[in-house]
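Quick note on numbering: the sequence shown equals residues 6 to 450 in the numbering used here. Report on one structure; see the data block that follows.
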Amino acid sequence: MKVTGKKRWVVLALVSLLGGIMVYVPFLRYNYYDQMIIVFTQFKPIVSASYAHEFIGDIGLWFGIFSVLIYPIGGILADKFSERNLLVIGAVMMGLASFWYGIVPGSIEIMIIHILYGIGTSIFIWSAYLKVVRKMGTDAEQGRMYSTSEFVRAIVGTLIGFFGASLLNKAVFPGTGIDPQVLGQQWQMMLFFNGALFIILAVLIFILVPGRIIGAEEGNEVVQEGFSMKNIVTVLKMPGTWLLALLIFFCFSFTSAGAGYLGTYTTNVLGISETQASNFAVIRNYIIAGLSTLAIGFIADKIGSKVKTLGIYLVLATIMTVVMILTRDATMMCIVVTFVFATVYTGMRGIYFATLGEVGIPLSLTGVSTGIISLICYTPDIYFAKLAGSWLDAYGNAGYDFIWYWAIGCGILGIITAGITMAYSKKLQAKNKQEPSADQAAEVK
């Protein structure tokens with residue numbers, strides 16, 4: 006059925022809430038990195054202190070392998086089966102894995118849990134979520150739809166992020182610091198809470214989201230294209246697929262560096278406490294992210310090109326990274342710069358996939374295209390945590406410099422890619438003035 010009026014906002018909110026929790030639990034290191042070190046080395050000494058950074062990198066590596074490499078499978082399933090059913094299955098899987106994570110099992114079990122997280126997010130949730138969001142609006146509304154969805158994801162991230170921080174902060178005692186046993190107990194409570202949220206959302210989505218959704222610009226009789234090798238070949242032959250994959254890769258590289266390591270950077274280099282660092286991380290990753298992802302949709306609509314907007318943001322992110330390196334000896338100034346930096350890199354993700362129509366990818370191929378693009382653009386999830394962890398274990402605080410240099414390099418390459426993509430988009434738009442889109446042709450038939 007075609008979802009219209011107020012109901013489309015209910016559907017958008019529900020799938021976005023799931024999307025928010027989906028990226029919170031596998032990336033707890035973004036907000037509670039130092040607390041994780043204590044949980045894994047003192048509450049339950051499942052790894053040695055000398056291996057702790059690399060272990061956190063390893064669980065990120067396994068999550069990345071089993072999420073990024075199977076994104077195309079999720080895209081194929083999203084084009085073949087009900088988006089609602091895929092979201093429900095993924096939510097239940099994530100919930101059960103979170104309950105298991107909460108008991109803090111052994112190191113191998115934690116890696117298996119992150120493999121399950123990877124499967125749940127990429128096969129069942131991600132492409133289905135993106136497809137539902139795209140179906141909720143017309144082509145002209147895509148920037149607002151995706152940025153609004155990111156805003157909702159940020160709101161839920163803010164709430165559960167601060168809730169998690171408040172739980173873990175109960176382990177901090179004046180004069181004695183963090184009690185590992187209390188911290189471990191609060192860690193368990195935090196994971197059990199998130200597991201319950203996944204299950205509740207699974208039930209709500211099953212009840213309130215239609216089993217078959219017709220997009221805002223689809224005719225009522227349009228039949229969703231099923232999986233076929235022809236569709237995969239079609240998407241692979243589109244230059245827009247590869248240009249967007251590279252562009253989003255360079256944008257996401259800033260998120261991998263910033264969201265992943267600004268928290269522990271402020272603790273170990275700038276000298277603030279673990280508690281304050283966690284609070285700052287939640288502010289950056291959720292409050293600032295919510296406002297910036299909401300704003301970028303309207304900014305992009307005003308500029309008239311989502312690709313151009315990403316190019317501008319890449320310029321700003323690169324400049325902010327350089328400024329952050331130069332101001333690290335001025336603690337307060339550098340902290341302010343980290344918030345400005347976060348405003349830029351979190352904002353970009355608000356329109357990652359609002360660019361699909363701009364490079365000629367039709368709605369009917371959303372699942373396959375997002376799966377293939379995600380396979381490429383999210384590869385930092387596979388290797389970067391492992392790479393950064395090895396830098397920090399080998400070089401100590403000097404390892405952070407390698408992280409920021411890597412981000413700067415990605416920024417420069419991303420700016421070049423944005424320019425090429427803009428040129429291709431303009432050429433495509435000129436051509437399409439004389440030819441109907443694939444979705445329009447399908448509707449006419």
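The C-beta atom is built at its ideal place from N, Cα and C for all residues, glycine as well.
| Asked | Found |
| --- | --- |
| For Val-274, the three-state DSSP class (helix, strand or coil) | coil |
| Contact check, Gly-263 vs Tyr-350, beta carbons under 8 Å | yes |
| Backbone CA spacing between Thr-245 and Gly-216 [nearest angstrom] | According to the sequence displayed, residue 245 carries Gly and not Thr. The alpha-carbon atoms of Gly-245 and Gly-216 are separated by roughly 30 Å. |
| Stretch pair the region 259-275 + the region 405-425: three plus CB contacts closer than 8 Å | yes |
| 8 Å Cβ cutoff met for Arg-89 and Val-214 | yes |
| Three-state class that DSSP yields for Ile-43 in the structure shown | helix |
| Nearest neighbour of Ala-359, chosen from Gln-47, Leu-321, Ser-310, Ala-335 [CA to CA] | Ser-310 |
| C-beta atoms of Ala-176 and Ile-165 nearer than 8 Å | no |
| For Ser-395 and Ile-70, the rounded distance between their alpha carbons | 18 Å |
| Beta bridge counterpart(s) of Ile-183 as assigned by DSSP | Val-177 |
| Sequence-distant residues of its chain with Cβ nearer than 8 Å to Leu-241 (five each side left out) | Ile-377 |
| Through-space distance from Met-150 to Gly-142, alpha-carbon basis | 6 Å |
| Cβ-Cβ distance between Gln-459 and Leu-173 below 8 Å | Beyond the ends of the chain as shown, which are 6 and 450, falls residue 459; an answer cannot be given. |
| Where Ile-219 sits in the DSSP three-state scheme | strand |
| Ranges of the alpha helix (DSSP H) found wholly within the region 333-408, counting only runs of at least 4 | 336-353, 371-382, 385-400 |
| Coil, strand or helix - Glu-226 by DSSP | Annotation note: pLDDT 48 at Glu-226 (below 50); position unreliable, coordinate value reported separately. Glu-226: coil per DSSP, three-state reduction. |
| Assigned secondary structure, Lys-49 (DSSP; H/G/I helix, E/B strand, else coil) | coil |
| Best match in Val-187, Phe-389, Gly-162 for proximity to Ile-64 [C-alpha to C-alpha] | Phe-389 |
| Gln-147 versus Lys-438, Asn-437, Leu-361, residue with shortest Cα-Cα distance | Leu-361 |
| Every unbroken alpha helix (DSSP H) inside the region 116-172 [4 residues or more] | 132-140 |
| Span separating the alpha-carbon of Gln-281 from that of Ile-160 | 20 Å |
| Lys-242, DSSP secondary structure in three states | helix |
| Contacts around Gly-169, its chain only, beta-carbon distance under 6 Å, and the 5 residues preceding and following it disregarded | Met-195 |
| Anticipated Cβ contact below 8 Å, Leu-315 with Leu-275, distance rounded | 29 Å between Cβ atoms; not a contact. |
| Identity of the residues DSSP links to Ile-7 by a beta bridge | One point to set straight first is that residue 7 is Lys, not Ile, in the sequence displayed. DSSP, once it has assigned bridges, lists Ile-219 as partnering Lys-7. |
| Residue nearest to Thr-422 in terms of C-alpha spacing, selected from Ile-277, Gln-439, Leu-249, Gly-189 | Leu-249 |
| Tyr-56 and Thr-163 closer than 8 Å at C-beta | no |
| Among Ile-113, Met-27, Ile-210, nearest to Ile-72 - alpha-carbon criterion | One detail in the question is off: residue 72 reads as Ser in this sequence, not Ile. If we check each option's Cα against that of Ser-72, Met-27 comes out closest. |
| Assigned secondary structure, Val-312 (DSSP; H/G/I helix, E/B strand, else coil) | helix |
| Rounded straight-line distance, which links the Cα of Thr-348 to that of Val-327 | 15 Å |
| Phe-257 and Ala-322 closer than 8 Å at C-beta | no |
| Within 8 Å, strictly: CB atoms of Thr-375 and Gly-80 | yes |
| Three-state class that DSSP yields for Ser-297 in the structure shown | helix |
| Range of the contiguous alpha helix (DSSP H) that encloses Gln-281 | 279-287 |
| The region 124-141 contacting the region 93-101, beta-carbon criterion three pairs below 8 Å | yes |
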